[in-house]
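Numbering (this note's numbering), first residue to last: 51 to 234. As structure tokens, the structure follows; a few thoughts come after it.
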């Protein structure tokens with residue numbers, strides 16, 4: 051099984067490590083890019099390899115993953131978006147990272163909508179969460195545009211989304227709520 055989701059401007063696809071390493075390293079080696087993801091800590095090759103492996107396992111086990119967000123016209127990786135299982139909450143994590151050159155262009159919302167359609171449709175998931183740095187106002191805006199509901203603040207390690215004790219705001223979206231708003 052492979053992931054391929056189209057949006058008006060991009061495609062979301064499963065990772066191809068040899069092809070995608072440079073694009074992912076460009077994002078994860080930029081402290082400004084990573085400030086709301088890891089507190090500014092950049093990634094090395096081992097962490098990038100870990101993401102590739104974790105997402106391949108997620109795709110094999112659950113039919114969903116956080117994949118590469120690529121422009122349709124030239125295939126350039128402009129972000130990361132998708133769904134992966136959470137270790138400690140009953141559901142899946144919906145996440146998005148957009149490369150700085152593409153901030154404020156609506157790509158996160160566009161890609162997250164397509165990911166929700168896929169997760170609740172093809173994959174049949176029942177509940178998605180988004181774990182967002184409290185200071186990341188742009189991502190809070192995306193979550194609200196998706197119709198997600200803020201349900202509290204907790205340590206990231208308690209959600210199973212990240213492996214640290216940073217506080218995150220947790221949003222929730224259920225399949226019935228998504229379907230109801232898509233009918234409007």
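Backbone N, C-alpha and C fix where the C-beta goes; we use that ideal spot for every residue, glycine too. Quantities reported herein were computed from a predicted structural model and do not represent experimental measurements.
- In summary, residue 202 is exposed, with fewer than 16 beta-carbon neighbours lying within 10 Å of its beta-carbon over all protein chains present.
- With a cutoff of 8 Å on beta-carbon distance, residue 196 and residue 233 are scored as not near each other.
- Secondary structure note for residue 71: its alpha helix (DSSP H) is the uninterrupted segment 67 to 78.
- Our two residues, residue 77 and residue 190, have alpha carbons roughly 20 Å apart in a direct line.
- The three-state secondary structure of residue 179, taken from DSSP, is strand.
- For residue 147, the enclosing beta strand (DSSP E) starts and ends at 142 to 148.
- In chain order, 99 and 102 place their CB closer than 8 Å to the CB of residue 67, counting only its own chain and leaving out the 5 sequence neighbours on each side.
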